[in-house]
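This report refers to the structure that appears directly beneath it.
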Amino acid sequence: MTYEEAADYILNIPKFTKKNSLKHTKQFLSFLGNPEKDLKVIHVAGTNGKGSVCVYLDAMLRSEGRSAGLFVSPHLVKMNERIRIDGEQITDEDFLRVFERVMEKVREMECRGFPHPTFFEILFGMAVTAFAEAGVEYAVLETGLGGRLDATNAIERPVCTAITSIGLDHREILGDTLEKIAAEKAGILKKGVPVFYSEGEEASDRVIESAAGKLGIYCKKIGKNAFENLRIENKNIAFSCTNAYYGNTAWKLHNTGTYQAENALLAMEVMRCLFGGGGHPKLWKEALARITWEGRMEEILPDIYIDGAHNINAVHRFTESVKARGPHRMAILFSAVREKDYEEMAAWLCRELNADYYVVTRIEDSRAEAAEKLAEVFAGYTDRPVVVRESPREALRYVREHQEGRTIYCLGSLYLAGMLKELEYL
Numbered sequence: 018m019t020y021e022e023a024a025d026y027i028l029n030i031p032k033f034t035k036k037n038s039l040k041h042t043k044q045f046l047s048f049l050g051n052p053e054k055d056l057k058v059i060h061v062a063g064t065n066g067k068g069s070v071c072v073y074l075d076a077m078l079r080s081e082g083r084s085a086g087l088f089v090s091p092h093l094v095k096m097n098e099r100i101r102i103d104g105e106q107i108t109d110e111d112f113l114r115v116f117e118r119v120m121e122k123v124r125e126m127e128c129r130g131f132p133h134p135t136f137f138e139i140l141f142g143m144a145v146t147a148f149a150e151a152g153v154e155y156a157v158l159e160t161g162l163g164g165r166l167d168a169t170n171a172i173e174r175p176v177c178t179a180i181t182s183i184g185l186d187h188r189e190i191l192g193d194t195l196e197k198i199a200a201e202k203a204g205i206l207k208k209g210v211p212v213f214y215s216e217g218e219e220a221s222d223r224v225i226e227s228a229a230g231k232l233g234i235y236c237k238k239i240g241k242n243a244f245e246n247l248r249i250e251n252k253n254i255a256f257s258c259t260n261a262y263y264g265n266t267a268w269k270l271h272n273t274g275t276y277q278a279e280n281a282l283l284a285m286e287v288m289r290c291l292f293g294g295g296g297h298p299k300l301w302k303e304a305l306a307r308i309t310w311e312g313r314m315e316e317i318l319p320d321i322y323i324d325g326a327h328n329i330n331a332v333h334r335f336t337e338s339v340k341a342r343g344p345h346r347m348a349i350l351f352s353a354v355r356e357k358d359y360e361e362m363a364a365w366l367c368r369e370l371n372a373d374y375y376v377v378t379r380i381e382d383s384r385a386e387a388a389e390k391l392a393e394v395f396a397g398y399t400d401r402p403v404v405v406r407e408s409p410r411e412a413l414r415y416v417r418e419h420q421e422g423r424t425i426y427c428l429g430s431l432y433l434a435g436m437l438k439e440l441e442y443l
């Protein structure tokens with residue numbers, strides 16, 4: 018079997034299996050020999066920012082000289098992005114080797130009457146298997162969807178949990194209120210395991226605090242007053258912390274998303290919990306300043322940025338970041354899948370940003386909304402030109418040809434971000 022055949026097999030799993038229970042994931046891990054049992058797991062859930070928090074944690078752990086495995090989703094271009102060991106994506110050769118090892122156990126499971134693991138279960142099983150083989154000390158795990166029923170929640174004893182900002186997303190699965198969604202995210206909390214979370218709406222905060230109280234665990238809210246965004250300069254954001262533990266100098270992130278300071282501080286507080294007085298904030302600071310996180314206010318070409326904002330809460334944060342850069346000419350490139358609240362996102366973008374024009378396109382996915390439908394929606398909220406281009410390639414070519422000193426922001430879907438990144442002439 019080749020790497021390409023393995024990746025294709027995984028991509029086709031949704032066609033022949035369905036969502037399994039958490040009990041099934043635990044059985045799957047048992048067949049694999051419980052590779053997770055010796056890992057110090059940091060488990061991260063949330064609606065927006067959880068991938069960024071995981072990446073920040075991974076970088077700071079390595080700055081402390083600790084070996085670390087990182088499991089995140091989705092991937093933008095290549096499946097290997099989901100599994101990283103000591104800062105490096107798993108190689109094609111190791112990906113294939115681990116896949117074949119895992120599939121041997123899957124065949125044993127099926128022979129004994131167990132359902133085939135899902136797409137996400139397979140990748141999760143591959144990740145913890147790869148981490149165990151590499152002998153990493155820490156594993157930073159991002160939940161795929163929700164928390165309570167997510168495959169990653171099969172980890173029974175993490176060393177710490179974290180919950181990022183919570184918003185209304187995946188309502189058809191997680192619930193139609195902040196309280197219901199927060200309850201799903203809080204499902205990762207475990208007795209005896211501390212939890213840190215980013216301050217959000219009172220409704221979601223109350224649910225997390227209540228869940229932690231019932232378990233009798235340490236729970237710390239990272240308030241919005243715990244940091245101050247100082248400035249954006251040279252495509253970096255600088256912020257300061259109100260806690261003396263971190264010193265009085267400015268911290269820098271190689272990113273212009275103002276919301277990233279909140280994500281970084283959440284990760285820093287988890288590190289502080291794990292290492293206490295033995296931690297080295299100076300090393301954390303240096304590690305954070307070096308990180309470039311793909312698809313999050315990432316500049317892929319001069320003044321062309323891709324951002325994974327794909328729900329209304331993320332779009333709110335996106336527009337805050339754009340405004341923080343001060344007045345400048347801009348255009349928006351947008352696409353979305355059908356189940357997202359793209360009309361609410363479009364209305365907000367048109368109202369809050371003074372874009373010269375909008376370009377809409379259709380991503381290459383069965384769930385994608387038609388470009389013409391998106392154009393109708395945008396036209397209902399703006400008198401600026403709305404341009405339809407049927408493919409991301411054509412859309413990117415259009416904005417490049419009509420850039421004329423503007424900053425181009427591309428958002429609405431992580432699928433769009435990935436497709437723009439992999440275009441051959443980038």
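Positions 18 to 443 (our numbering) are the ones given, in order, by the sequence shown.
Cβ coordinates follow ideal geometry from the N, Cα and C atoms, glycine included.
- Within a 10 Å sphere around the beta-carbon of E279 sit 16 or more other beta-carbons, which makes this residue buried.
- DSSP places M143 within a helical segment (H, G or I) once states are collapsed to three.
- Assigned with DSSP and collapsed to three states, W365 falls in helix.
- Closest by C-alpha distance to A341, out of I380, G293, T273, L391, is T273.
- In the structure shown, the three-state DSSP call for T424 is strand.
- Around the beta carbon of Y432, 16 or more other beta carbons lie within 10 angstroms, which makes this residue buried.
- No Cβ-Cβ contact shorter than 8 Å links V212 with T160.
- Non-local C-beta neighbours of K67 in its own chain, meaning closer than 6 Å and more than five positions away in sequence, comprise V61, E159, T181, ordered along the chain.
- As summarised for the stretch 85 to 170, the continuous beta strand (DSSP E) elements at least 3 residues long and confined to that stretch are 85 to 88, 100 to 102, 155 to 159, given in chain order.
- Taken in chain order, the complete alpha helix (DSSP H) segments of 4 or more residues contained in the stretch 210 to 283 are 219 to 232.
- For R401, same chain residues with a beta-carbon under 6 Å away, outside a window of 5 residues either side, are Y374 in chain order.
- The criterion of a C-beta distance shorter than 8 Å is satisfied by A203 and V224.
- Taken atom to atom, the span from the alpha-carbon of L28 to that of G104 is near 24 Å.
- Here F33 carries a coil assignment [DSSP, helix/strand/coil].
- By the Cβ criterion, the stretch 74 to 84 is in contact with the stretch 143 to 155, since at least three pairs of Cβ atoms, one from each stretch, lie closer than 8 Å.
- Taking E245 as reference, the option from G294, K237, A281 with the minimal CA-CA separation is A281.
- Short of 7 Å from the beta carbon of G63, and not among the five residues preceding or following it, lie these beta carbons of its own chain, in chain order: I180, T181, S182, I183, K202.
- Taken atom to atom, the span from the alpha-carbon of N253 to that of K32 is near 43 Å.
- Pairing A144 with R99 gives a Cβ-Cβ distance under 8 Å.
- Taking the CA atoms as reference points, E303 sits about 13 Å from T309.
- Scanning its chain for C-beta atoms nearer than 6 Å, with the 5 sequence neighbours on each side dropped, one finds around S215 the residues T181, S182, I239, E279, L283, in chain order.
- With a threshold of 16 other beta carbon atoms within 10 Å, K269 meets it and is buried.
- Taking C-beta atoms as the reference points, A388 and R379 count as a pair closer than 8 Å.
- Here L93 has E311, G312, L431, A434, G435, K438, E439 as same chain residues with Cβ atoms under 8 Å from its own Cβ, once five neighbours each way along the sequence are excluded.
- Contact annotation: F112 and A23 have beta-carbon atoms nearer than 8 Å.
- It is roughly 35 Å from the alpha-carbon of G192 to the alpha-carbon of R129.
- Shown here for I139: same chain residues with a beta carbon closer than 7 Å to its own, the five before and five after excluded, namely I27, I30, V119 in chain order.
- When C-beta atoms of the stretch 320 to 338 are compared with those of the stretch 359 to 368, three or more pairs fall below 8 Å, so the two segments count as touching.
- Cβ contact annotation for K357 (same chain, cutoff 7 Å, sequence separation greater than five): H327, N328, in chain order.
- Per the DSSP secondary-structure output, V376 pairs in a beta bridge with L350, V404.
- The straight-line gap separating the alpha-carbon atoms of L46 and E53 is approximately 8 Å.
- As summarised for the stretch 45 to 80, the continuous beta strand (DSSP E) elements at least 3 residues long and confined to that stretch are 57 to 62, given in chain order.
- A distance of 8 Å or more separates the beta carbons of R423 and Y415.
- In this structure, V157 lies near C71, with their beta-carbon atoms less than 8 Å apart.
- If you draw a straight line from the Cα of I425 to the Cα of F48, it is about 49 Å long.
- DSSP places E303 inside the alpha helix (DSSP H), whose first and last residues are 298 to 307.
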